[in-house]
Amino acid sequence: MPSAITEEPRNIDVAIIGGGVGGLSAAIALSSLSNVTVRLFERHPHLTEYGAGISIAENSWKVLELLGAADSIRGAPTVPGAKRNGYTGEIVLPEPGIPRKRGPTRVRRTRLQAALGEQVPNGVIKFNKKLVSLENVEFGGVRLVFQDGTDATADLVVGADGIRSAVRQSLFPDYQLRYTGNTSFRTLCSAAALRHIPDFPLQTSWWFGVGGHVYMSPVDDPSDPDASFEFSCRSGLERDVSDPANYDPRIVEALSQVPEGNWKEFALFSGPCIENITGWDKVVLLGDASHPLAGAFGSGAGFALQDGWIIARALEHTQLSRDSVAEALRVFDSIRSPYYRKMYEFRESQKPLLQKVRQDTFENFDSTLRARMNETGLAGKRPAGWMDWIYKSDIEKVWEDYLQAERKGEHVH
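Per the UniProt record's numbering: the sequence shown ends with 413, consecutive numbering throughout.
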C-alpha cells in the first residue's frame, strides 16, 4: 500500500480513448467509482466494430459477469467442433464437448459491443473525437488534442485505441508495428444459404491447408431464425479454394454463397513486447494497444475486458494515496505486464514449429498437419489445462491473489 495517505479520496478525471471492448469495459468499471469522472472519446460517429465474430471463453465470461453484461450476450457454442484437413475434409482432431451457458462461445462483434455499451452511463461517450496527440503537462495531468481542433485535460488517460494506438505513439514514439506476412479475410453468411450443401458441418471447425486455413463457426443463438455463419480465411485462402482441385468441395461451395463484395480484408500486424504498459505516471495502455500480437491467442476481447476491470480495481485500491493515479498504474502494471510478457515468450517458443509449418508441401501435408497437432498440444500430447492461464484465467482471483500477496508484503513498486 502507498505510504502517504489522505482522509478522503480526491476526485479523478479519466479520459478513455477508444470505444471498443477494452474502452467500454474500463468505462463501465471506472464509472462505478464515486470519486471518478469518466469520459470516453470515440473517433467514429457511433460505436463501430469491424470483423465478423469474436470468441468468448471462460476468461471473458467472468469479466462480463462482473460488468453486468453477460446476460445480454447471445451466440453459438463452439463445442463440439473439429480440426480438419482442408483438402480431404477428414477430421484430424475432434473437439468434443457439451455446450453450456457460460462455455466457449462465438458471437457477433457488434452484439458484444452493444451489450457493453448498454452498461455505460449516459453522457460518458463523446463521439467524433479522434485523438491526434497527448501532451504531458508538468505538475498536472495530460492534455489531449483532437483532430477537430478541440482539446481536453485529464488526470488519467486510458489508451484503449487498438493496435494502431495514438496513445501508444505518444508514449513510445519509436515503437513500430510490422506486417506479419498474413492477411485475414472475414465475412458473415446466412446459415440458411449453407443448408443445401450435402454433409456440410454446421459447427465450429478449422480446415487447414498449405500456408493457411479456413475457420468457420455459427455466431448466433441456434434458435435464431436469421442465424449467420462466420468465415475467416487466413493468408488469402478465399482466392485459392475457388479451385475445386484444391480444397474440399463443401468448403468451395460454402464460400461461393458469400455475396460479392462482402469480404473484409485485414492485414495482420504485430509489435514487440512493451516492458511497461504505463507512462508518465498518468497514462495506461489496454487491450491491443498494449500488446499487438496479431490475434495470436484468439482471446483479445478477454484480455481487453480484464484490463478494463483491473484498472478500476487498482484506482479504487489506491484512492486514499496522495498520488493515487501513479500508485494505481504501478499496481496495474505489476499485474498485467508480466502476463503479456508471458504471452510473448510463449509465442517465441512456438516459432520453430511455425517455421516447419511454412515449409509444408501438398505431398506431405497430412502427415505434417497431424504432427503439428501433436507438437502444439492440440492432440493431447501436453498436460491437461496447459493453456488455462489464457482461456480460463479468473481475473477476480488474480486480483484477490494480488491483495493477499500485498498483505504479506510481497509487492515492491
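For each residue, glycine too, the CB sits at the ideal point set by N, CA and C. The structure displayed is predicted, hence computed values, not measured ones.
Cβ-based neighbour list, residue i, same chain, cut-off 6 Å, excluding 5 preceding and 5 following
i: Glu8; result: none
i: Glu316; result: Leu33
i: Val325; result: Asp155, Leu156 and Lys282
i: Ser133; result: Val145 and Ser170
i: Pro94; result: Ala82
i: Gly22; result: Ala160, Leu286, Gly287, Ala304, Asp307 and Gly308
i: Asp248; result: Gly89
i: Ala328; result: Ala314, Leu315 and Thr318
i: Ala166; result: Leu131
i: Met1; result: Its pLDDT being 47, under 50, Met1 is placed unreliably in this model, and the coordinates cannot settle the point.
i: Asn128; result: Pro45
Alpha helix (DSSP H) segment containing residue i, residue limits
i: Gly67; result: According to the sequence provided, residue 67 is Leu. The question's Gly does not apply to it. Element bounds for Leu67: Glu58 to Leu67.
i: Phe346; result: Ser324 to Ser349
i: Phe231; result: Unbroken run through Phe231 is the beta strand (DSSP E), Ser228 to Arg234; no alpha helix (DSSP H).
i: Leu315; result: Gly300 to His317
i: Lys397; result: Ile395 to Arg407
i: Ala254; result: Pro249 to Ser256
i: Tyr391; result: Asp388 to Tyr391
Span of the beta strand (DSSP E) around residue i
i: Arg106; result: Thr105 to Arg108
i: residue 475; result: Residue 475 is absent from the structure shown; the chain starts at 1 and stops at 413.
i: Gly23; result: Unbroken run through Gly23 is the alpha helix (DSSP H), Val21 to Ser31; no beta strand (DSSP E).
i: Leu171; result: Where Leu171 is concerned, there is no enclosing beta strand (DSSP E), although the alpha helix (DSSP H) it sits in stretches over Ala166 to Leu171.
i: Asp151; result: Asp151 to Ala154
i: His213; result: Gly212 to Pro218
i: residue 429; result: This structure cannot speak to residue 429, because the chain is shown only from 1 to 413.
Environment of residue i [buried if 16+ CB atoms lie within 10 Å]
i: Arg234; result: buried
i: Trp61; result: buried
i: Ala192; result: exposed
i: Leu403; result: exposed
i: Asp226; result: exposed
i: Ala405; result: exposed
i: Phe208; result: buried
i: Gly19; result: buried
i: Phe139; result: exposed
i: Ser367; result: exposed
i: Ala15; result: buried
i: Asp333; result: buried
i: Ile98; result: exposed
i: Gly261; result: exposed
i: Gly162; result: buried
i: Asn364; result: exposed
i: Thr150; result: exposed
i: Arg330; result: buried
i: Arg100; result: exposed
Proximity winner among the options, relative to residue i (alpha-carbon distances)
i: Ile5; options: Tyr339, Arg322 and Pro249; result: Arg322
i: Asp388; options: Asp366, Phe365 and Phe297; result: Phe297
i: Glu230; options: Val219, Leu47 and Ser55; result: Val219
i: Glu275; options: Ala69, His291 and Thr37; result: His291
i: Tyr339; options: Asp394, Pro80, Pro104 and Gly53; result: Asp394
i: Gly86; options: Gly117, Tyr215, Pro272 and Arg106; result: Tyr215
i: Asn122; options: Tyr344, Ala312 and Val38; result: Val38
i: Asn35; options: Asn246, Ile54 and Ile12; result: Ile12
i: Lys264; options: Trp399, Thr187 and Trp206; result: Thr187
i: Lys126; options: Glu42, Asp199, Lys101 and Phe185; result: Glu42
i: Ser256; options: Arg347, Met373, Ser190 and Val331; result: Ser190
i: Ser299; options: Pro173, Glu260 and Tyr391; result: Tyr391
i: Val352; options: Asn364, Arg372 and Arg109; result: First, the residue type needs correcting, since residue 352 is Pro and not Val in the sequence shown. Ranking the options by Cα distance to Pro352, first place goes to Arg372.
i: Glu396; options: Val124, Leu47 and Ala312; result: Ala312
i: Val398; options: Asn59, Val124 and Ile17; result: Asn59
Neighbourhood of residue i by C-beta distance below 7 Å, restricted to the same chain and skipping five residues each side
i: Arg336; result: Ile277, Asp307 and Ile310
i: Ile197; result: Arg250, Glu253 and Ala254
i: Ala294; result: Thr180, Leu268, Phe269 and Ser270
i: Pro222; result: Ala76
i: Leu320; result: Ile5, Thr6 and Pro9
i: Gln147; result: Lys130 and Val132
i: Lys408; result: none
i: Glu400; result: none
i: Gly53; result: Arg106, Val107, Arg108, Arg109, Ser217, Val219 and Glu230
i: Arg168; result: Gly159, Tyr175, Leu285 and Ala289
Spatial neighbours of residue i in its chain, beta-carbon cut-off 8 Å, leaving aside the 5 residues before and after
i: Val120; result: Leu24, Ala27, Ile28, Ser31 and Leu40
i: Glu118; result: Ala69 and Ser72
i: Ile56; result: Leu64, Ile73, Gly75, Pro104, Thr105, Arg106, Val107, Leu112, Ala301 and Gly302
i: Pro96; result: Val79 and Pro80
i: Cys273; result: His291, Tyr340, Arg341 and Tyr344
i: Leu177; result: Ile163, Arg164, Phe269, Ser270, Gly271 and Pro292
Cβ-heavy atom distance, residue i to the ligand ZN, below 8 Å
i: Trp263; result: This structure lacks the ligand ZN; in fact it carries no ligand of any kind.
Is the segment 177-187 touching the segment 266-275 in the sense that three or more CB pairs, one from each, lie closer than 8 Å? Taking 8 Å as the limit for Cβ pairs, the verdict is that the segment 177-187 does touch the segment 266-275.
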